[in-house]
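Q: Let me begin by handing over the structure; questions about it come next.
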Amino acid sequence: MSPTVTVTDHDEEPETDKVPARRLSLPGDPEDMLIDEACRELRLPAFRERFIDLATTARREQATYKQFLLDLLQVELADRDLRRQQRLLRLARFPRPKRLEDFDFAKNPNVTPEVVADLKSPTWVREGRPLVLIGDSGTGKSHLLIGIGTAIAEAGLSVRYTTTSALVNELAEADAARRLSSVIARYSKIDLLCLDEFGYLNLDRKGAKLLFQIFTEREERKATAVATNSPFTEWDKTFGDARLCAAIADRITFRCTLIQTGTESYRLQATQESLFPHQD
């Protein structure tokens, strides 16, 4: 009877990120058992799961030893890339899945596909350049923000999504608990910070100063993307202090990519079309 072993994924990830265990039946060859144990020791889960199938295929196709080894290594590399992408997407904490491929450019002619396509590349993130999305509610700002963040995470960089109010509350709680420095240091290491609902709520002076510290720590080192429904001329209402507002705007807009999504809500338009499909 063939022995049965439990296959688990091993990586540098914490215990909570491990993939649930799978079951794999191995033949009784001593070499297979030794290979399985070596893969377990070396933390090669995909190698361990696939080596029997690939060995069978290599024998049938009379593949060379080098080709067989290359096939195994490519399987392991592909599995590691996939698990890294999945881990980065979990850590980004996106509230819902949104992809750039699903964005309807036809319904929002204000958004240029070529500009958005360039933002899928991590180059601008590595250069620490900001991104500003300005437009009314329902014009696709959050979709673009999450879609771009998703593309950057899948490219292998760290991303974190949060609303501006949630970030300010987190900073205020950390300040009260005397943990502000460690929280700011954590945010300063994230490659791309996606701030949604920027300017939706007015901040008191303390909240604005806390937010300012985040921008200062990340300035020209790490990329920050904000989605806002307020034009630059109205930001002073959000921050209350003209000098502080100017300093924040300066850090967000320097070398930034600006996308204006317009004022016509295609979300509302889609709702109206579904309710009144026969109206011209």
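Residue numbers for the sequence shown follow this note's numbering, beginning at 1 and rising by one.
Beta carbons are placed, not taken as given, at the ideal position from N, Cα and C, and that holds for glycine.
Quick caveat: nothing in here was measured; it's all calculated off a predicted structure.
In whole angstroms, what separates the C-alpha of C194 from that of L133?
A: Computed Cα separation, rounded: 11 Å.
Q: DSSP beta-bridge partners for G262?
A: DSSP lists G135 as partners of G262.
Q: If contact is defined by three or more beta carbon pairs under 8 Å, each pair taking one atom from either stretch, is the segment 183-200 in contact with the segment 218-227?
A: At 8 Å Cβ cutoff, the stretches touch.
Q: Which residues in the same chain have their Cβ closer than 7 Å to the Cβ of H143, if we skip the five residues on either side of it in sequence?
A: So the qualifying residues of the chain are K98, F103.
Q: If you draw a straight line from the alpha carbon of L167 to that of L211, how long is it in whole angstroms?
A: Roughly 8 Å separates the two Cα atoms.
Q: State the start and end residues of the unbroken alpha helix (DSSP H) segment that holds F68.
A: 65-92 is the extent of the alpha helix (DSSP H) around F68.
Q: Along the alpha helix (DSSP H) that carries Y187, what are the first and last residues, could you check?
A: Taken as a continuous stretch (DSSP letters only), the alpha helix (DSSP H) holding Y187 covers 180-188.
Q: Please report the distance separating the alpha-carbon of R93 from that of A155.
A: Answer to the nearest angstrom: the Cα atoms are 16 Å apart.
Q: Do you know how far the Cα of R48 is from the Cα of I35?
A: The alpha-carbon atoms of I35 and R48 are separated by roughly 8 Å.
Q: Please state whether the Cβ-Cβ distance between E197 and V183 is less than 8 Å.
A: No. Outside cutoff.
Q: When the Cα of L100 is compared with those of T150, K237, G199, which residue comes out closest?
A: Cα-wise, what sits closest to L100 is T150.
Q: Is the CB-CB distance between P130 and T253 below 8 Å?
A: For P130 and T253, yes; Cβs fall inside 8 Å.
Q: Which term fits A242, buried or exposed, when burial requires 16 or more other beta carbons within 10 angstroms of its beta carbon?
A: Exposed, since its Cβ has fewer than 16 Cβ neighbours within 10 Å.
Q: Here's the rule: buried if 16 or more other CB atoms are within 10 angstroms of the residue's CB, otherwise exposed. What is F215?
A: F215 should be labelled buried.
Q: So, are the CB atoms of L145 and L192 less than 8 Å apart?
A: Going by C-beta atoms, L145 is not nearer than 8 Å to L192.
Q: Excluding the five sequence neighbours on either side, which residues of its own chain have a C-beta within less than 7 Å of the C-beta of F105, listed in chain order?
A: Within the same chain, F105 has close Cβ partners V111, P113.
Q: Hey, how far is the Cα of S181 from the Cα of T163?
A: Spanning the two alpha carbons is a distance of roughly 20 Å.
Q: Measuring CA to CA, which of S121, A58, I152, D71 is closest to Q86?
A: Among S121, A58, I152, D71, the Cα nearest to that of Q86 is on I152.
Q: Where does the unbroken alpha helix (DSSP H) through L201 begin, and where does it stop?
A: No alpha helix (DSSP H) holds L201; DSSP gives it neither H nor E.
Q: For a test of the three-state rule: what should DSSP assign to A177, helix, strand or coil?
A: In this structure, A177 counts as coil in the three-state DSSP scheme.
Q: Thinking C-beta only, is F239 closer than 8 Å to A208?
A: Contact flag set, yes.
Q: With a cut-off of 8 Å on the beta carbons, I'd call L44 and E76 a contact; round off their distance for me.
A: Contact holds; Cβ gap of about 6 Å.
Q: Looking at the structure shown, is G193 part of a helix, part of a strand, or coil, going by DSSP?
A: Before going on, a small fix: residue 193 reads as Leu here, not Gly. Strand, per DSSP.
Q: My output table needs one value for A227: the three-state DSSP class, helix, strand or coil.
A: Looking at A227 - three-state DSSP - the assignment turns out to be strand.
Q: For P282, which residues in the same chain have their Cβ closer than 6 Å to its Cβ, ignoring the five residues on either side in sequence?
A: With the chain running from 1 to 280 in the structure shown, residue 282 is simply not present.
Q: Classify R289 as helix, strand or coil using the three-state DSSP reduction.
A: Absent from the structure is residue 289, since the part of the chain shown begins at 1 and ends at 280.
Q: Are there 16 or more other CB atoms within 10 angstroms of the CB of N229, so buried, or fewer, so exposed?
A: Label assigned to N229: buried.
Q: Looking only at C-alpha atoms, which of L73, F51, L42 sits nearest to D32?
A: When only C-alpha atoms are compared, the closest one is F51.
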